[in-house]
Structures are given as C-alpha cells and as structure tokens.
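Each residue of the sequence shown is one higher than the one before, counting from 1 in full-length UniProt numbering.
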Amino acid sequence: MIPASKRRKCIFKTSCSKYVYEKTANEGFISGLKAFRYRFHNCRSEAHLIENPITEKLQIILPSHHILDETEISEKLLKTKK
C-alpha cells in the first residue's frame with residue numbers, strides 16, 4: 001500500500017467515483033459511462049495548474065485541453081499552489 005503522503009492528489013473537487021455515481025443516478029447509464037471516460041482520460045499527471053494572468057485566479061489545464069476554474073479544482077491541490 002502506498003503511504004498517504006506519497007499518493008497522487010485528486011485534481012477535481014468532486015471525487016471521480018462520486019461524480020460518476022451522480023451522473024449515472026441522475027442522467028442514466030450512458031451519461032455515467034461518458035462521465036467515467038472523461039474523468040479517466042483527464043485525471044492524469046499531465047494536468048497543469050496555472051495562474052491566469054488576467055484574472056489572477058488558479059486554473060487547471062487538463063490533458064484534453066479543457067480548462068477548469070478554481071471552483072472545480074480540489075482544495076488539496078489549490079493549497080499546494082498557494
């Protein structure tokens with residue numbers, strides 16, 4: 001087992017399992033499957049946390065080139081940057 005201090009930190013505010021569960025419960029199996037695929041392909045170490053030079057807020061650029069605002073980024077990840 002990997003020690004907690006060495007584990008990767010989730011980049012999303014809502015955990016992947018909770019996000020996929022909520023999508024599946026509220027919108028059906030296909031929507032849940034799409035949510036799983038999106039999270040699986042974007043929850044990688046290639047995501048980059050940046051400070052937007054215009055708004056001065058933190059954002060994360062995902063491997064799919066989607067950009068998430070602070071409201072969607074994990075609190076733990078935000079604390080490491082501030």
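C-beta: ideal position from N, C-alpha, C; glycine also. Because the structure is a prediction, the values reported are computed rather than measured.
Notebook entry, point to check: Within the chosen definition, does the stretch 9 to 17 reach the stretch 64 to 78 through at least 3 CB pairs nearer than 8 Å?
Noted result: The way I'd put it, the stretch 9 to 17 does touch the stretch 64 to 78; three or more beta-carbon pairs between them come closer than 8 Å.
Next item on the list: Locate the beta strand (DSSP E) running through I30, then write down its first and last residues.
Entry: DSSP places I30 in no beta strand (DSSP E) but in the uninterrupted alpha helix (DSSP H) bounded by 29 to 42.
Notebook entry, point to check: Based on the DSSP output, what are the partners of I67 in its beta bridges?
Noted result: Answer is I61, bridged to I67.
Next item on the list: Please state whether DSSP places E51 in a helix, a strand or coil.
Entry: Strand at E51.
Checklist line | CA nearest to the CA of C43, picked from I67, P63, I54 | finding: The residue with the shortest Cα to Cα distance from C43 is P63.
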